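A.B. asks: Here it is, the structure in full.
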């Protein structure tokens, strides 16, 4: 199967992967975190090839021998926080041989440097990762997390996040856990909290414990405690701290959306974030309507039809993840 995955990765990079093969590949990736980690490792290795001129096809056995010699002292190509099967490394070595980037890459680029992330997680659906330091990460589909340090030996436990994740961090007063989100740094000693980071904004919601947020490399910071919500507008630089955050900050992880006399404007914001959709309200005056309901593992259509029925609205969809609520009135 590994050889087939390599062929699919190469075809995809050349925009030659058929829809049928993509469906099979996606199904294989979703079978478990091991498959996803292998896929991401192979994609990373393949992406490096574009930075080097082609060379003669090397011998695969020699490629493996050279690769293993340079990776055994780095616990292979996996993060120290996740155990990776040795077969993955051999597949990566064979991929390097197949694409002809030569043995010199390992001594020249991969040697002993640790500037590049060790492991990248990018699941096609919500996924849970148990790290070797005892921490647990719930990563939302479409998000990406990179392990940047040795979770057991380095002075700092550090990851980079793009997207949304819920963290349960194992306490270690001597080795803080740091999350890089754009140019912001979130530091914790042991707590549970949610982080959402994209190009436009950063949100941090603390369920338990204490979190400090600062611009990377700067001393000034914002301290957050239980049930506090920090928001940063990256365009304007404006920040705010809310002592009564939405209870739906981690709804994508729990599967529960809950509203109690919540303004419809806020309801739709939570729904958009939960389902990765857009909901447009035709009549702005309805944004102040109060909505109360609870949904468990419901789909977007079910939730939106409930809102439409409550306020006598009409629901329609463009078929591209965009929904429209028209007509209706507050009750």
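Numbering (my numbering), first residue to last: 3 to 333. Built from N, CA and C at the ideal position, the CB exists for glycine as well. Computed from a predicted structure; not experimentally measured.
List the DSSP bridge partners of residue 196.
C.D. replies: Residue 196 is bridged to 168 and 207.
A.B. asks: Could you check where the beta strand (DSSP E) with residue 2 kicks off and where it finishes?
C.D. replies: Since the first and last residues shown for the chain are 3 and 333, residue 2 lies out of range.
A.B. asks: State yes or no: is the C-beta of residue 255 within less than 7 Å of the C-beta of residue 245?
C.D. replies: Not closer than 7 Å, so no.
A.B. asks: Output needed for residue 20: all residues of its chain with C-beta closer than 7 Å, excluding positions within five of it in sequence on either side, in chain order.
C.D. replies: Around residue 20: no qualifying Cβ.
A.B. asks: In angstroms, rounded to a whole number, what distance separates the CA positions of residue 156 and residue 177?
C.D. replies: Each residue's alpha carbon lies about 8 Å from the other.
A.B. asks: Our contact map puts residue 211 next to residue 228 with C-beta atoms below 8 Å; I'd like the distance itself, whole angstroms only.
C.D. replies: About 7 Å separates the two Cβ atoms, so the contact holds.
A.B. asks: How is the alpha helix (DSSP H) around residue 277 delimited, first residue to last?
C.D. replies: Counting along the chain, the alpha helix (DSSP H) containing residue 277 begins and ends at 266-277.
A.B. asks: Tell me which residues share the same chain as residue 270 and place their Cβ nearer than 7 Å to its Cβ, disregarding the 5 neighbours each side in the sequence.
C.D. replies: For residue 270, where only same-chain residues beyond five positions count, the Cβ hits under 7 Å are 281 and 283.
A.B. asks: Would you please state the rounded distance, in angstroms, between the beta carbons of residue 164 and residue 146? I believe it to be under 8 Å.
C.D. replies: The Cβ separation is near 5 Å, so the contact holds.
A.B. asks: When the Cβ atoms of the stretch 314-323 are set against those of the stretch 289-298, are three or more pairs found closer than 8 Å?
C.D. replies: In short, these stretches do not touch, since the Cβ pair count stays below three.
A.B. asks: From 181, 171 and 332, pick the residue whose C-alpha is nearest to that of residue 264; which is it?
C.D. replies: Among 181, 171 and 332, the Cα nearest to that of residue 264 belongs to 332.
A.B. asks: Please confirm whether residue 277 and residue 311 have their CB atoms less than 7 Å apart.
C.D. replies: Contact: no.
A.B. asks: Taking Cβ positions, are residue 235 and residue 203 nearer each other than 7 Å?
C.D. replies: Yes, these two residues count as a Cβ contact at 7 Å.
A.B. asks: Counting only the same chain and skipping the five closest in sequence on each side, list residues whose C-beta sits under 6 Å from that of residue 166.
C.D. replies: If we look at residue 166 and ignore the five residues flanking it on each side, its Cβ neighbours are 142, 145 and 198.
A.B. asks: Locate the beta strand (DSSP E) running through residue 308, then write down its first and last residues.
C.D. replies: It is not in any beta strand (DSSP E) - residue 308 instead sits in the alpha helix (DSSP H) that spans 302-312.
A.B. asks: For residue 99 and residue 31, I'd like the C-alpha separation in whole angstroms.
C.D. replies: Any answer about residue 99 is weak, because its pLDDT of 48 lies below 50 and its placement is not dependable; what the coordinates show is given next. Each residue's Cα considered, the two are about 23 Å apart.
A.B. asks: Within the continuous beta strand (DSSP E) that includes residue 2, where are the two ends?
C.D. replies: Since the first residue shown for the chain is 3 and the last is 333, residue 2 is missing from the structure and cannot be characterised.
A.B. asks: Under DSSP, the alpha helix (DSSP H) around residue 256 begins and ends at which residues?
C.D. replies: Note, residue 256: alpha helix (DSSP H), 253-256.
A.B. asks: Please state whether the Cβ-Cβ distance between residue 182 and residue 159 is less than 7 Å.
C.D. replies: Taking 7 Å as the Cβ cut-off, residue 182 and residue 159 do not qualify as a contacting pair.
A.B. asks: Where does the unbroken beta strand (DSSP E) through residue 154 begin, and where does it stop?
C.D. replies: No beta strand (DSSP E) contains residue 154, which DSSP labels as neither H nor E.
A.B. asks: Could you check the C-alpha separation between residue 153 and residue 8 for me, to the nearest Å?
C.D. replies: Rounded to the nearest angstrom, the two C-alpha atoms are 29 Å apart.
A.B. asks: For residue 193, is the classification buried or exposed, using 16 other Cβ atoms within 10 angstroms of its Cβ as the cut-off for buried?
C.D. replies: With 16 or more Cβ atoms within 10 Å of its Cβ, residue 193 is classed as buried.
A.B. asks: What whole-angstrom Cβ distance do residue 323 and residue 273 have, given they're in contact under 8 Å?
C.D. replies: That pair is no contact at about 12 Å.
A.B. asks: Classify residue 158 as helix, strand or coil using the three-state DSSP reduction.
C.D. replies: Coil, per DSSP.
A.B. asks: What does a CB cutoff of less than 6 Å around residue 251 pick up in its chain, not counting 5 residues either side in sequence?
C.D. replies: Excluding residues within five positions, the ones whose Cβ falls inside 6 Å are 196 and 207.
A.B. asks: For residue 2, which residues does DSSP report across the bridge?
C.D. replies: There is simply no residue 2 to check, as the chain begins at 3 and stops at 333 in what is shown.
A.B. asks: Are the CB atoms of residue 216 and residue 257 within a distance shorter than 7 Å?
C.D. replies: No, the Cβ-Cβ distance between residue 257 and residue 216 is not below 7 Å.
A.B. asks: Helix, strand or coil for residue 29? Go by DSSP, reduced to three states.
C.D. replies: Residue 29: helix per DSSP, three-state reduction.
A.B. asks: Helix, strand or coil for residue 127 per DSSP?
C.D. replies: Looking at residue 127 - three-state DSSP - the assignment turns out to be coil, as it is neither helix nor strand.
A.B. asks: Taking the beta strand (DSSP E) that residue 238 belongs to, which residues open and close that run?
C.D. replies: Taken as a continuous stretch (DSSP letters only), residue 238 belongs to no beta strand (DSSP E), as it is neither H nor E.
A.B. asks: What is the DSSP secondary structure of residue 23, counted as helix, strand or coil?
C.D. replies: Note: residue 23 maps to helix in three-state DSSP.
A.B. asks: Taking Cβ positions, are residue 225 and residue 214 nearer each other than 7 Å?
C.D. replies: Going by C-beta atoms, residue 225 is nearer than 7 Å to residue 214.
A.B. asks: Pick helix, strand or coil for residue 14, following the three-state DSSP scheme.
C.D. replies: Of the three classes helix, strand and coil, the one that applies to residue 14 here is helix, per DSSP.
A.B. asks: Buried or exposed: where does residue 125 fall if 16 or more other Cβ atoms within 10 Å of its Cβ makes it buried?
C.D. replies: Buried, because 16 or more other Cβ atoms sit within 10 Å of the Cβ of residue 125.
A.B. asks: Cα separation between residue 81 and residue 150?
C.D. replies: With a pLDDT of only 42 at residue 81, under 50, the local geometry of the prediction cannot be trusted, and no value is derived from it.
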